[in-house]
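Here the sequence shown is numbered in the numbering used here, starting from 31 and rising by one per residue. The beta carbon of each residue, even a glycine, is placed where N, CA and C say it ideally should be. The structure presented is a predicted model; accordingly, all values stated were derived computationally and were not measured.
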Amino acid sequence: MPVALHHDPRMIEHRPPARHPEKPERLEAIIRHLRRVGLLDACPAGLVREATDDELRRVHSAAYLASVVAVDGRGGGPLEADTWMSPGSLTAARLAAGAAIEAVAGVLADDRPDRAMALVRPPGHHAVPGGAMGFCVYSNVAVAAREALARHAVNRILIVDFDVHHGNGTQDVFYESAEVAFLSVHRHPFYPGTGREDETGSGPGLGLTRNIPLPFGTPPADFRAAYRAGLQDLADRHRPELIIISAGFDAMAEDPVGGLGLDFEDFDRLTRDVVEVADVHARGRIVSVLEGGYNPSLLAGCVETHLKALGA
Ligand code: ZN
């Protein structure tokens with residue numbers, strides 16, 4: 031099954047200070063590796079464009095969006111303790127959100143592949159409506175999900191986040207939503223501190239947020255079993271018409287930031303579990319959006335494994 035690849039070299043031009051783990055080499059390594067193994071040529075190229083202000087405003091406050099533009103206007107600097115802007119960052123961040131939007135639009139179009147991956151940076155799942163957080167400028171996945179609901183004929187979406195960190199920003203955006211269910215499996219206690227099991231949504235969204243916090247040292251088999259059970263249960267309950275993956279690979283063993291002992295084989299299984307529920311509920315439609323993963327060469331191998339498990 032073809033998997034459309036949405037990527038653009040301008041996202042390499044987001045350059046946080048030296049020694050920042052979210053570095054340009056991450057994306058460079060992925061593209062180089064996918065070219066070497068033939069996947070860059072094998073996968074149809076998807077569209078990438080900058081997200082518009084209207085699209086970003088579906089998730090982010092006008093005041094926050096203006097503050098990002100202001101920092102860019104000064105030539106860059108910190109948005110918060112962990113999140114930096116360089117010249118090129120504003121364009122990269124807009125492209126990251128726009129790539130996720132276009133990946134969703136492609137998967138929902140009848141004449142385009144039912145699977146897509148947006149290879150983006152900066153990542154998105156920690157960004158909250160009113161601010162940047164944890165390397166993330168815009169909430170790429172949340173913006174794309176809101177666009178899907180607003181412009182396409184889908185009413186129920188499931189976001190699956192297997193990044194080693196809790197996807198607090200995505201959770202915040204959809205905590206009261208009856209339309210978007212959110213599953214996050216993550217190391218806990220760990221940054222950003224949220225994602226306890228008793229955070230389950232509220233109001234119309236009650237029961238549609240599912241957190242699977244796992245302590246450091248959890249065996250990969252236990253990780254996979256808890257994730258699979260949570261995923262299948264939430265999918266049966268929500269019956270999503272589209273699944274979006276917040277694809278972070280920092281639970282990989284030897285990741286310098288996260289490290290929860292997973293191997294390539296585990297990411298293959300985590301991905302195939304999503305394919306299984308997408309085939310049952312969502313006509314196979316999956317959009318994957320890159321989040322974390324901080325050892326560039328391991329990350330590149332994880333993305334290859336993930337793409338092949340999606341069908342590439
Ligand atoms: Zn992460």
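Between the Cα of residue i and those of the options, spot the shortest distance and give me the residue it belongs to.
| i | options | result |
| --- | --- | --- |
| Ala175 | Asp193, His155, Val304, Pro326 | His155 |
| Asp303 | Ala122, Tyr257, Ala92, Pro108 | Tyr257 |
| Ala48 | Ile60, Trp114, Val171 | Trp114 |
| Val101 | His336, Gly161, Leu57 | Gly161 |
| Lys338 | Pro117, Cys73, Val158, Leu261 | Cys73 |
| Ala208 | Val99, His311, Pro234, Met31 | Pro234 |
| Arg45 | Asp293, Val307, Pro153 | Pro153 |
| Asn19 | Thr224, Ala133, Gly107 | Because the chain spans 31 through 342 in this model, residue 19 falls outside it and cannot be assessed. |
| Ala308 | Pro270, Gly322, Leu292, Asp293 | Pro270 |
| His37 | Ser116, Phe204, Ala129, His90 | Ala129 |
By how many angstroms is the C-alpha of residue j removed from the C-alpha of residue i?
| i | j | result |
| --- | --- | --- |
| Leu264 | Arg104 | 45 angstroms |
| Gly288 | Arg142 | 35 angstroms |
| Ala281 | Glu80 | 29 angstroms |
| Gly231 | Ala183 | 24 angstroms |
| Ala139 | Arg181 | 12 angstroms |
| Met31 | Ser318 | 15 angstroms |
| His195 | Gly68 | 31 angstroms |
| Gly164 | His336 | 24 angstroms |
| Arg313 | Pro108 | 42 angstroms |
| Ala178 | Thr301 | 22 angstroms |
| Val173 | Asp71 | 28 angstroms |
| Asp84 | Ile131 | 12 angstroms |
| Val150 | Leu86 | 16 angstroms |
| Arg66 | Phe297 | 20 angstroms |
| Thr248 | Val310 | 29 angstroms |
| Tyr205 | Asn185 | 16 angstroms |
| Asp293 | Gly322 | 15 angstroms |
| Ile316 | Leu213 | 15 angstroms |
Apart from the five residues just before and just after residue i, which ones in its own chain have a Cβ nearer than 7 angstroms to its Cβ?
| i | result |
| --- | --- |
| Pro286 | Pro51, Tyr324, Asn325 |
| Arg299 | Arg254 |
| Phe220 | His195 |
| Thr200 | His155, Ser169, Val171, Ala172, Ile189, Asp191, Phe212, Ser276 |
Considering only their Cβ atoms, is the gap separating residue j from residue i smaller than 8 angstroms?
| i | j | result |
| --- | --- | --- |
| Leu328 | Glu284 | yes |
| Phe246 | Val215 | no |
| Ala111 | Leu320 | no |
| Met41 | Leu125 | yes |
| Asp202 | Pro159 | yes |
| Glu227 | Pro243 | yes |
| Arg240 | Leu290 | no |
| Gly136 | Ala34 | yes |
| Val305 | Leu261 | no |
| Ala123 | Val89 | no |
Ordered along the chain, which non-local residues of its own chain (more than five positions away) have a Cβ less than 8 angstroms from that of residue i?
| i | result |
| --- | --- |
| Arg267 | Ala211, Gly237, Leu238 |
| Val99 | Leu120 |
| Gly118 | Arg40, Glu43, His44, Arg45 |
| Pro222 | His156, Met163, Gly164, His195, His196, Asn198 |
| Ser116 | Glu43, His44, Arg45, Pro46, Gly106 |
Below 6 angstroms CB to CB, which residues in the same chain sit around residue i once its five sequence neighbours on both sides are set aside?
| i | result |
| --- | --- |
| Ala330 | Ala59, Ile60, His63 |
| Val333 | Ile60 |
| Ala127 | Ala81, Tyr168, Asn170, Val173 |
| Thr224 | His196, Asn198 |
Discussion item. Measuring CB atoms only, is the stretch 270 to 278 touching the stretch 189 to 196, in the sense that at least three cross pairs come out at less than 8 angstroms?
Written reply: Short answer: they touch.
Discussion item. With a threshold of 8 angstroms, are at least 3 pairs of Cβ atoms found where one atom belongs to the stretch 138 to 152 and the other to the stretch 79 to 96?
Written reply: no
Discussion item. Does the contact criterion of 3 or more C-beta pairs under 8 angstroms hold for the stretch 90 to 97 versus the stretch 53 to 73?
Written reply: no
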